[in-house]
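Reading through the structure tokens given below for one structure.
Number of protein chains: 2
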Amino acid sequence: VRTAAIVGVGLIGGSFALALRKAGFQGTILGVSSKETISKALSRKAVDEGVPLEDAVRQADLIYLAQPISRILETIPLLDEAQPGALITDAGSTKARILEAARRPGRKAQFLGGHPMAGKEMRGVEAADPELFRDRTYFVTFEKAGELETPAAREFLEWISKIGALAVPLDATAHDRLVAYTSHLPQLISTALAASLSRQMGNAAATGAGPGLLDMTRLAMSSHEIWTDIVATNGELDGALAAYIDGLKELREKLQRSELRGEFEAAAEFSKRLRGVTD
Amino acid sequence: VRTAAIVGVGLIGGSFALALRKAGFQGTILGVSSKETISKALSRKAVDEGVPLEDAVRQADLIYLAQPISRILETIPLLDEAQPGALITDAGSTKARILEAARRPGRKAQFLGGHPMAGKEMRGVEAADPELFRDRTYFVTFEKAGELETPAAREFLEWISKIGALAVPLDATAHDRLVAYTSHLPQLISTALAASLSRQMGNAAATGAGPGLLDMTRLAMSSHEIWTDIVATNGELDGALAAYIDGLKELREKLQRSELRGEFEAAAEFSKRLRGVTD
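Protein chains in written order, with the numbering used here: chain A, 1 to 279; chain B, 1 to 279.
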């Protein structure tokens, strides 16, 4: 890669740029964002230059889309003139809809979906961190075998490894189902708990709030703006939510029959395994 | 109080004994527990002497039941010979069933329900800590007005304050409804999430696990032994679970119609208020 273009220089885009630099990237890093964002990105030395999207598309051999999902979907059709041999990739949290949008027969450049499992509560390039991806899973989604074997894809996978992340290739639908269960469903469950408490208890809930309730309502503080796109574009989420509701109904019946032991034991065992705790 | 008897010298009972001592209690502290537990409690200086329950009942003017709820329910009928003027109290996590069991017309000693909102992941007198109740809510449940005004009740409330806790008087049913929403429902939700993930994803879930999922499955590691009694004796929990399931179904419909904004905003506002965050 000689010229990388970061489209959307926020927390993820800015961190990816800083991580590239820290990992020894010698080429040029272009930024495509609003004027204010570019000026912040320049002062953090995340990008070398702010350019319009058209210029980035013509110049870059790595185009990194780090926008919200709905913006990624709007940007993709504008990338048809990207260089042959260039790689376009994105960092959106759902993949099937993006990969569908990225099937552009006329385009010469390759598209590879990506989803770094990294983030923090602060947003914007101000919070960017070259270590953000260190030891994190970085999903790479593709449509056909062989897509990961092109020179551009191989080089991108090397950079993922150099910034400290672990590339995990995965089919887009399998990816969306996995994050539906491990990320998007937990978000909805936390939101529903906080909404239910707010309706049924109001401020009185504070008297009963211990560390457990704080854990269970932390995700509920997430901003709606981030989640709208995610839940709207994950086709696997509705099924995950339906399965969870069925599980709760079953648990309610078992509660009435005092038969919860099996449920508790399976849940405890799974949760310990998730943390690598064995007892 | 000249003689306090701790019945069940585990984490809570042991911590209460250590907290009394630290707060300047000069009387005798008797312990009622198994031989092994009493020997650990003696070496931690939590109790002065281990005695059989019958002796504790005759000698103590404060009887503190820190057993699991099912054991508290079994112990209460054995306390009818407690001294006139003595106070019997308990530390169980649900209150209506215990207060019902504690209506013993022949008994001269007063019964007052209690529930300290304190705990930690380790159990047993080994983990006891005189600071466990510091800055924590300590619910005190009663049946009739005036019960908090007896000399024995007033002195007990003073000790609650001296060990650093905040006594909050509450009707037993209101207490059970509050903890159903703020503690027992979050526990069931976490258990159901872990059970659902275990069924649907198995070990593959680990690849997608971020800090959010770890938060949401921490409670699911709780041991079944502790929770059996709690969920079996909280008559308000089934209603709370039903209301939560209805909330999730509504959220699922809104998800299908892309109308989640209101739900997210209400949930985020509530969760910030719970933490005293205003923005």
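No residue lacks a Cβ here, since even glycine has one placed at the ideal position from N, Cα and C.
Simplified DSSP state of F25 (chain A), which is helix, strand or coil
coil
Neighbouring residues, chain A, relative to W227 (chain B) (Cβ below 8 angstroms)
L260 and F264
What do you reckon, are the CB atoms on A192 (chain B) and G247 (chain A) nearer than 8 angstroms?
yes
L157 (chain A) at chain B interface by Cβ criterion, 8 angstroms
no
Cβ atoms of H175 (chain A) and T141 (chain A): under 8 angstroms apart, would you say?
yes
Which residues in the same chain as D127 (chain B) place their Cβ atom closer than 7 angstroms to its Cβ, once the five residues preceding and following it in sequence are excluded?
It should be pointed out that residue 127 (chain B) corresponds to Ala in this sequence rather than to Asp. For A127 (chain B), where only same-chain residues beyond five positions count, the Cβ hits under 7 angstroms are L11 and K120.
Return the bridge partner residues of A46 (chain A) from the DSSP annotation.
For A46 (chain A), which the question treats as bridged, DSSP gives no partner whatsoever.
Give the residues from the segment 219-243 of chain A that approach chain B closer than 8 angstroms (Cβ to any Cβ), ordered along the chain.
L219, A220, M221, S222, S223, H224, W227, T228, V231, A232, L237, D238, A240, L241, A242 and A243
Could you name the residues of chain B that P151 (chain A) contacts, counting a contact when the two beta carbons are closer than 8 angstroms?
Those do not exist, as P151 (chain A) stays about 27 angstroms from chain B at its closest Cβ, beyond 8 angstroms.
Smallest Cα separation from K22 (chain B): which of B:L197, B:I160, B:A232 and B:Y244?
B:I160
In this structure, what does DSSP give as the bridge partners for D90 (chain B)?
B:L65
Looking at the strands, I want to know which residues DSSP matches up with A4 (chain A).
A:I29 and A:L62
Quick check: the Cα distance between A109 (chain A) and D61 (chain A), rounded to an integer number of angstroms?
9 angstroms
Mind listing the chain B neighbours of R154 (chain A)? Cutoff is C-beta to C-beta under 7 angstroms, in chain order.
Those within 7 angstroms of R154 (chain A) in chain B number zero; the least Cβ separation is about 22 angstroms.
Excluding the five sequence neighbours on either side, which residues of its own chain have a C-beta within less than 8 angstroms of the C-beta of Y244 (chain B), listed in chain order?
L185 and I189
8 angstroms is my cut-off, CB to CB: does R275 (chain B) come that close to chain A?
yes
Does DSSP put V277 (chain B) in a helix, a strand or coil?
coil
Taking the straight line between their C-alpha atoms, what separation do you get for D279 (chain A) and T94 (chain B)?
Unreliable positioning characterises D279 (chain A) in this predicted model, as indicated by a pLDDT of 47, which lies under 50. A coordinate reading is not provided.
G164 (chain B) bridges to which residues according to DSSP?
Answer is none; G164 (chain B) lacks a bridge partner.
Tell me whether F264 (chain B) sits in a helix, a strand or coil according to DSSP, three-state version.
helix
Closest Cα partner of F111 (chain A) within the set A:S43, A:R252 and A:E81
A:E81
Pick helix, strand or coil for G146 (chain A), following the three-state DSSP scheme.
coil
Completely contained beta strand (DSSP E) runs for the segment 165-202 of chain B, where each covers 3 or more residues
166-171
Since V7 (chain B) contacts I63 (chain B) with CB under 8 angstroms, what's their CB separation in whole angstroms?
7 angstroms
Does F16 (chain A) come within less than 8 angstroms of chain B when only Cβ atoms are used?
no
For D215 (chain A), decide whether its Cβ has a neighbour in chain B, counting only Cβ atoms nearer than 8 angstroms.
yes
Assuming F133 (chain A) and A167 (chain A) make a contact with CB atoms under 8 angstroms, what is their CB distance in whole Å?
The Cβ separation is near 10 angstroms, so there is no contact.
Taking Cβ-Cβ distances shorter than 8 angstroms, what residues in chain A pair up with G208 (chain B)?
M117, T137, L178, V179, Y181, T182 and S183
Do you know whose CA, among A:E158, A:I163, A:G239 and A:L274, lies nearest S15 (chain A)'s CA?
A:I163
Taking any Cβ of chain A, which residues in the segment 185-204 of chain B have a Cβ under 9 angstroms from it, in chain order?
L185, P186, Q187, L188, I189, S190, T191, A192, L193, A194, A195, S196, L197, S198, R199, Q200, M201, G202, N203 and A204
Length of the line joining the Cα atoms of T217 (chain A) and A91 (chain B)
26 angstroms
Backbone CA spacing between F264 (chain B) and Q59 (chain B) [nearest angstrom]
56 angstroms
Step through the CB atoms of chain A and report whether any lies within less than 8 angstroms of the CB of L255 (chain B).
yes
Could you tell me the alpha carbon to alpha carbon distance between T3 (chain B) and E149 (chain B), rounded to whole angstroms?
21 angstroms
Of all Cβ atoms in chain B, is any one closer than 8 angstroms to the Cβ of R134 (chain A)?
no
Could you compute how far the alpha carbon of V1 (chain B) sits from the alpha carbon of R275 (chain B)?
37 angstroms
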